[in-house]
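Novice: In our numbering, the protein residues as written are 3 to 194.
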Amino acid sequence: MTDLPPNYYEVEHLVLLESGKLLLINLLALVPLAAASIWMSIWWGIVTRLRPPQPVGFGADVPWWVWILVVLIISIPVHEGLHGLAIRWAGYKPRYGVMWRKAAFYATADNALFPRNAFIVTALAPIVGITLMGMMMVFLLPEVAGYYIALGVVLNAANSIGDLWMTVVVMRYPPDALVRDEADSIRIYIKA
């Protein structure tokens, strides 16, 4: 659906990347960063107890900064790709882009009106998907590779602060609310 039903009206226009909110967003990103760090540390402890000792294996001779670069280069398209898959699941065609001035990547569906719950699934798909994939990879891969995958999960959680913020805002509205994603903002509509 792209046309707003006649009995709906706009109740909120949330712009995340405006200059007055950038510092707040970056500070709030510390919350999912800390939560994911704790979660992945617990998972690391469980994995090291469950599986037999691992040889150092793949990646031990790769400098740490190369691992960080690889994690960042891979995690951004995977993050946006998971948004895109969720957008397709919701019945829309995703469009990907970069806002260079705001240093932001995005996946959106032009003019699409998402039912509230479909928007929540779309917003949370990357943090849930990357966390679950990362946990599986930490269990399956050698220790060094697993360590950097876990770090990627943590960095993705921090990078998901905008998705989390939008989810919290959207959840304040009833399930029949509609959400229009405008790449750097959302508009929320409810029934009159």
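Yeah, the Cβ is synthetic: ideal placement off N, Cα and C, and Gly gets one too.
Who are the Cβ neighbours of residue 182 in its own chain at under 6 Å, not counting the five residues just before and after it?
Specialist: Hits under 6 Å: 115 and 189.
Novice: Once DSSP output is grouped into helix, strand and coil, what is the label at residue 20?
Specialist: It is coil, neither helix nor strand.
Novice: How would you call residue 36, buried or exposed, if buried means at least 16 neighbouring beta carbons within 10 angstroms?
Specialist: Per the 10 Å Cβ criterion, exposed.
Novice: Among 104, 160, 132 and 152, whose alpha-carbon lies nearest the alpha-carbon of residue 49?
Specialist: Comparing Cα positions, the closest option is 152.
Novice: Compute the Euclidean distance between the alpha carbons of residue 93 and residue 111, then round it to the nearest angstrom.
Specialist: Those two C-alpha atoms are separated by around 10 Å.
Novice: Pull the bridge partners of residue 176 from the DSSP assignment, please.
Specialist: BP columns for residue 176 are empty, so no partner.
Novice: Tell me the DSSP bridge mates of residue 106?
Specialist: Partner(s): 101.
Novice: Per DSSP, what kind of secondary structure is residue 181 in: helix, strand or coil?
Specialist: Three-state result, residue 181: strand.
Novice: Go ahead and label residue 158 buried or exposed: buried means 16 or more other beta carbons lie within 10 angstroms of its beta carbon, across all protein chains shown.
Specialist: Residue 158 is buried by the Cβ-count criterion.
Novice: So, is residue 63 buried or exposed, given that buried needs 16 or more other C-beta atoms within 10 angstroms?
Specialist: By the neighbour-count rule (16 or more Cβ atoms within 10 Å), residue 63 is not buried but exposed.
Novice: Just confirm the distance between the C-beta atoms of residue 18 and residue 167, as a whole number of angstroms; I'd bet it's less than 8 Å.
Specialist: Yes, residue 18 and residue 167 are in contact; Cβ-Cβ is about 6 Å, under 8 Å.
Novice: On the DSSP bridge assignment, give the partners of residue 116 in chain order.
Specialist: Residue 116 is bridged to 181.
Novice: Out of curiosity, what's the CA-to-CA distance linking residue 99 and residue 51?
Specialist: The alpha-carbon atoms of residue 99 and residue 51 are separated by roughly 42 Å.
Novice: Taking the beta carbon of residue 145 as the centre, do at least 16 other beta carbons fall within 10 Å, making it buried, or is it exposed?
Specialist: Buried: at least 16 other Cβ atoms inside 10 Å.
Novice: Could you give the C-beta distance for residue 125 and residue 10, rounded to a whole number, given that I count them as a contact under 8 Å?
Specialist: Going by Cβ atoms, the distance from residue 125 to residue 10 rounds to 20 Å, so no, they are not a contact pair.
Novice: DSSP state of residue 162, grouped into three classes?
Specialist: Of the three classes helix, strand and coil, the one that applies to residue 162 here is coil, per DSSP.
Novice: Please classify residue 12 as buried or exposed, where buried requires at least 16 other C-beta atoms within 10 Å of its C-beta.
Specialist: When all chains shown are included, residue 12 counts as exposed.
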